[in-house]
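Counting the sequence shown from 1 gives a position; my numbering is that position plus 3.
Where a beta carbon is used, it is the ideal one built from N, C-alpha and C, also for glycine.
This report refers to the structure that appears directly beneath it.
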Amino acid sequence: MVQTLPVLPFDCIYNILKELHHIHKGSLFNWLFLNRLWCEQTVPFIWKNPLLISHKCSFKNRVLFIKTLLLFFDHIELSKLKGLNIDLKQQENQRPLFNYVEYFEEIPFLSSCIRSWLFEYFKLDEKNRSGSVGFFEHKIQPIESLIKHMILRRSKRLKTICPIQNEYYIELFDKEFFDFNLFRLKNTLQTFKMTIYPKTSNNILILSQSIIDKNIHLFENFIIDFYEKQDFSLSIPLLGNIIKNQRCVKSLELTGQLYNKHLEYIPIFLSLNSHQTNLISLKFYYIKFTNISLNILMKCVTLKDLLISDCDGISLENINLFSNVSFKLNNLSIFNQSNLSFNITNSIIKFLGNSLKCLLLNQLTNEISLSLLHYTSNLSSLFLYDDDLLYDISLIFNFLKSSKLENLHIIHQNYNYSINYNIIKSLSKSLPSTLKLFEFYFYYLSPENYKDLFNLYNTPLLKSLILICYNSTFYTNYNLEAIVNYVKFKNNNLKYLEICSPKFRDWEIDELYLLEILWKIGVEVQIRDL
């Protein structure tokens, strides 16, 4: 007698797929072929943002993806393609199995997929890129614009609006089109994402009028990037007006101009006055702060996440404003601030460190180390980036010994063998006993260093260990036996190990045996390709 699978309730299937979408997106495709019920439930998860699942897709899959999207073009969009010498008349009677586009939650960047599709459409050799790309490169942005407009027109779940434009292709927006579709999606849209180019002021005006005229006030997140050294005196007030008219803005990511940090963003900062009891996350890149903008920032009482990277305007004269903050920060990221006249990182940690749970830095000095030691007693996660060898990582060791860190991530790239050896030897003795996750990127790890890392008893709570070697030429031979002994005799809490290896490496029999032992004693092993 043939047994059939039990029929699961819809909410059970939904929860299974939801969990898979978070932890293993690629496996979702397997459920499409189980039966029609599972297929119908799986399709929306895959098409929320399909490129997040198939971001490493082959040429064939990229082409199929664009072909599928083109099936949803209407007669107007198809006629615009004809203006680009692309005739899809043969597909007018084709219909996809599902209305995939209605499930999009974000409009993806499609340039690479469109480029692959154009290679196939014009029957060109993709391997001969240099000779072929010039033939159709000017078609990519107009096609991407048409696809994005189609998605905006047909989607029922869109959460992010991201108009297509760049420094080469500026399309004048159709206000009637945006009026209708923004109003249709007013209850789903959450994120406004836009790169501002020199010639886009009119489009910002059109968007601003559509958003305000149609009472679109549920945007919670703004991601704004100012491109090039240009005058944005019209765009900045319009963007400030859009932000001000929202009901509850929770996050703002603002990227200024690398070579023009003196551009004034006061209207955008003033718009935050309306959201000081709602803002949770603020991220600033290449911004020049003023006393006005800093005072507004200090009054964001619900702020939990702050990132400052490559910014100016914080000085000895106004740094004390950070001592009067109205918020208790959980996460702080400070990058590329070492070129200022004084060390703002040290001072900001001093004023904001008491409530911090997570800190990300790519700079380390004696002063910063002392601030960590004295002002971050509640810190549980620390990320240290040293890609450019800007500091001596051993400066952090005294803090580590006395800390209560649970998660430690160190990106350390020192090519000097003797320095590297001694640093790792000292690091292994400085790891806090509270550590549960240790992620370490390194250039070389000697057999002696392995003994240093795994012969100690001071990390009994460690559950996850990630050891990644930068050096693809002389990769580290992992001492798997030391890891097995560590788990067996010193720490049976370790459940996850991630290491790296050349993609086509032939593993020795004894290595495979040790990997099997790790699996049998309950350690999940992930091997990343170099």
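Problem - Cα-Cα separation between Ser318 and Asn458, rounded to whole angstroms - result: The residue given as residue 318 occupies position 315 in the sequence shown. The residue given as residue 458 occupies position 455 in the sequence shown. Whole-angstrom Cα-Cα distance: 47 angstroms.
Practice task
Whole angstroms is fine: what's the gap from His58's alpha carbon to Phe107's?
Solution key: As a working note, residue 58 is residue 55 in the sequence shown. As a working note, residue 107 is residue 104 in the sequence shown. In this prediction, His58 scores a pLDDT of 47, lower than 50, which makes its location untrustworthy; the coordinate-derived value is nonetheless stated afterwards. About 16 angstroms.
Practice task
Counting only the same chain and skipping the five closest in sequence on each side, list residues whose C-beta sits under 8 angstroms from that of Val490.
Solution key: Counting from 1 along the sequence shown, the entry for residue 490 is found at position 487. Excluding sequence neighbours, Val490 sits near Leu497, Leu521, Ile524, Val526.
Handout entry: Cα-Cα separation, Ile283 to Thr305
Key = Working through the sequence shown from its first residue, we reach residue 283 at position 280. Working through the sequence shown from its first residue, we reach residue 305 at position 302. The alpha-carbon atoms of Ile283 and Thr305 are separated by roughly 6 angstroms.
Exercise for the section: Work out the CA separation of Asn357 and Lys493 for me, nearest whole Å. Expected result: Taking the first residue of the sequence shown as 1, we reach residue 493 at position 490. Taking the first residue of the sequence shown as 1, we reach residue 357 at position 354. Distance between the alpha carbons of Lys493 and Asn357 is about 33 angstroms.
Exercise for the section: Tell me whether Arg531 sits in a helix, a strand or coil according to DSSP, three-state version. Expected result: For the purposes of this step, residue 531 is taken as the residue at position 528 of the sequence shown. Note: Arg531 maps to strand in three-state DSSP.
Exercise for the section: Following the continuous beta strand (DSSP E) through Glu501, name the residue where it begins and the one where it ends. Expected result: Residue numbering aside, residue 501 sits at position 498 when the sequence shown is read from its first letter. 499–504 is the extent of the beta strand (DSSP E) around Glu501.
Handout entry: For Thr258, the first and last residue of its enclosing beta strand (DSSP E)
Key = Walking along the sequence shown from the start, residue 258 turns up at place 255. Its beta strand (DSSP E) spans residues 254–258.
Exercise for the section: Find out if the Cβ-Cβ distance for the pair Thr293, Gly316 is shorter than 7 angstroms. Expected result: In the sequence shown, residue 293 corresponds to position 290, counting from 1. In the sequence shown, residue 316 corresponds to position 313, counting from 1. In contact: Thr293 and Gly316 (Cβ atoms closer than 7 angstroms).
Practice task
Tell me whether Ile110 sits in a helix, a strand or coil according to DSSP, three-state version.
Solution key: Taking the first residue of the sequence shown as position 1, residue 110 is located at position 107. Correct three-state label for Ile110: coil.
Handout entry: Asn33 classed as buried or exposed, judged by whether at least 16 other C-beta atoms fall within 10 angstroms
Key = Position 30 of the sequence shown, counted from the start, is the residue given in the question as residue 33. By the neighbour-count criterion, in which a residue is buried when 16 or more other Cβ atoms sit within 10 angstroms of its Cβ, Asn33 is exposed.
Handout entry: Residue closest to Ser115, alpha-carbon to alpha-carbon, out of Asn18, Lys353, Arg65, Tyr262
Key = Working through the sequence shown from its first residue, we reach residue 115 at position 112. When each option's Cα is compared against that of Ser115, the closest is Arg65.
Exercise for the section: Could you pull the start and end residues of the beta strand (DSSP E) that Thr194 belongs to? Expected result: Taking the sequence shown and counting its residues from 1, one reaches residue 194 at position 191. Looking at the DSSP string, the run of the beta strand (DSSP E) that includes Thr194 is 194–199.
Practice task
Work out the CA separation of Tyr378 and Ser61 for me, nearest whole Å.
Solution key: Here residue 61 refers to the residue found at position 58 of the sequence shown. Here residue 378 refers to the residue found at position 375 of the sequence shown. Their backbone Cα atoms lie some 50 angstroms apart in a straight line.
Problem - N- and C-terminal bounds of the beta strand (DSSP E) containing Glu442 - result: If you number the sequence shown from 1, residue 442 lands on position 439. Run containing Glu442: 440–445, per the beta strand (DSSP E) assignment.
Exercise for the section: Using alpha carbons as the reference points, say which of Cys251, Pro270, Lys21, Asn401 lies closest to Ser236. Expected result: By 1-based counting over the sequence shown, the position of residue 236 is 233. Ranking Cys251, Pro270, Lys21, Asn401 by Cα distance to Ser236 puts Pro270 first.
Problem - Alpha-carbon spacing of Lys253 relative to Leu309, whole angstroms - result: Numbered from its first residue, the sequence shown carries residue 253 at position 250. Numbered from its first residue, the sequence shown carries residue 309 at position 306. Each residue's Cα considered, the two are about 12 angstroms apart.
Exercise for the section: Note the first and the last residue of the continuous alpha helix (DSSP H) segment covering Asp182. Expected result: Sequence index remark: in the sequence shown, residue 182 carries index 179 (1-based). Start and end: 178–187.
Problem - For Tyr288, the first and last residue of its enclosing beta strand (DSSP E) - result: Taking the sequence shown and counting its residues from 1, one reaches residue 288 at position 285. Its beta strand (DSSP E) spans residues 284–288.
Problem - Distance between Trp510 and Leu430 (C-alpha atoms, nearest Å) - result: Locating residue 430 in the sequence shown gives position 427, counting from the first residue. Locating residue 510 in the sequence shown gives position 507, counting from the first residue. If you take the alpha carbons of Leu430 and Trp510, they lie about 29 angstroms apart.
Exercise for the section: Apply the 10 Å Cβ neighbour rule to Tyr481 and answer buried if 16 or more other Cβ atoms are within range, or exposed otherwise. Expected result: For the purposes of this step, residue 481 is taken as the residue at position 478 of the sequence shown. Flag for Tyr481 reads buried.
Problem - Selected residue, minimal CA-CA separation from Phe139, among Met153, Tyr124, Ile150, His152 - result: Sequence index remark: in the sequence shown, residue 139 carries index 136 (1-based). Residue Tyr124 is the option with its Cα nearest to Phe139.
Problem - Pair within 7 angstroms by beta-carbon distance, Phe443 and Ile399 - result: In the sequence shown, the residue the question calls residue 443 occupies position 440. In the sequence shown, the residue the question calls residue 399 occupies position 396. Contact flag unset, no.
Practice task
Give the DSSP-derived three-state secondary structure of Ser431 in the structure shown.
Solution key: What you label residue 431 is simply residue 428 of the sequence shown in a count that begins at 1. DSSP places Ser431 in helix when its eight states are reduced to three.
Exercise for the section: Would you tell me roughly how many angstroms separate the C-alpha atoms of Phe477 and Asn410, rounded to the nearest one? Expected result: Counted from its first residue, the sequence shown places residue 477 at position 474. Counted from its first residue, the sequence shown places residue 410 at position 407. Note on Phe477: pLDDT 48, under 50, position unreliable in the model; the coordinate value appears next. Looking at the two C-alpha atoms, the distance is approximately 28 angstroms.
Practice task
Can you tell me which of the three DSSP states Tyr424 falls into?
Solution key: The sequence position of residue 424 within the sequence shown is 421, counting from 1. Residue state, collapsed to three classes: helix.
Practice task
Give the range of the alpha helix (DSSP H) segment to which Phe62 is assigned.
Solution key: Walking along the sequence shown from the start, residue 62 turns up at place 59. Per DSSP, Phe62 belongs to the alpha helix (DSSP H) from 62–73.
Exercise for the section: Consult DSSP for His58 and reduce its assignment to one of helix, strand or coil. Expected result: The residue labelled residue 58 in the question sits at position 55 within the sequence shown. Caution applies to His58, whose pLDDT of 47 falls short of 50 and renders its modelled position unreliable; the value that the coordinates give is listed next. DSSP places His58 in coil when its eight states are reduced to three.
Handout entry: Beta-carbon spacing of Leu113, Ile150 below 7 angstroms
Key = Within the sequence shown, numbered from 1, the residue matching residue 113 stands at position 110. Within the sequence shown, numbered from 1, the residue matching residue 150 stands at position 147. Closer than 7 angstroms, so yes.
Problem - Which listed residue (Ile299, Glu223, Cys314) has its alpha carbon closest to that of Asn263 - result: Locating residue 263 in the sequence shown gives position 260, where the first residue counts as 1. Nearest C-alpha to Asn263: Cys314.
Exercise for the section: Alpha carbon to alpha carbon, how far is Phe445 from Asn425? Give it in angstroms, no decimals. Expected result: For the purposes of this step, residue 425 is taken as the residue at position 422 of the sequence shown. For the purposes of this step, residue 445 is taken as the residue at position 442 of the sequence shown. Cα to Cα, the separation comes out at about 13 angstroms.
Practice task
Give the DSSP bridge partners of Asp228, in chain order.
Solution key: Locating residue 228 in the sequence shown gives position 225, counting from the first residue. Answer by DSSP bridge pairing, in chain order: Thr198, Thr258.
Exercise for the section: Might you give, ordered along the chain, the residues of its own chain that have their beta carbon closer than 8 angstroms to the beta carbon of Met153, omitting 5 neighbours on each side? Expected result: Position 150 of the sequence shown, counted from the start, is the residue given in the question as residue 153. Around Met153: Leu72, Phe75, Phe76, Asp77, Glu80, Val104.
Problem - Beta-carbon proximity check, Thr45 vs Leu67, cutoff 7 angstroms - result: Along the sequence shown, read from residue 1 onward, the residue named residue 45 stands at position 42. Along the sequence shown, read from residue 1 onward, the residue named residue 67 stands at position 64. In this structure, Leu67 does not lie closer than 7 angstroms to Thr45 by Cβ.
Problem - Cα-Cα separation between Lys291 and Cys15, rounded to whole angstroms - result: Against the sequence shown, residue 291 aligns to sequence position 288. Against the sequence shown, residue 15 aligns to sequence position 12. Note on geometry: alpha-carbon atoms of Lys291 and Cys15 lie some 50 angstroms from one another.
Handout entry: When Leu403, Glu147, Leu300 are compared against Asn325, the one with the closest alpha-carbon
Key = Here residue 325 is taken as the residue at index 322 of the sequence shown, counted from 1. Strictly speaking, residue 325 in this sequence is Phe, with Asn absent from that position. Ranking Leu403, Glu147, Leu300 by Cα distance to Phe325 puts Leu300 first.
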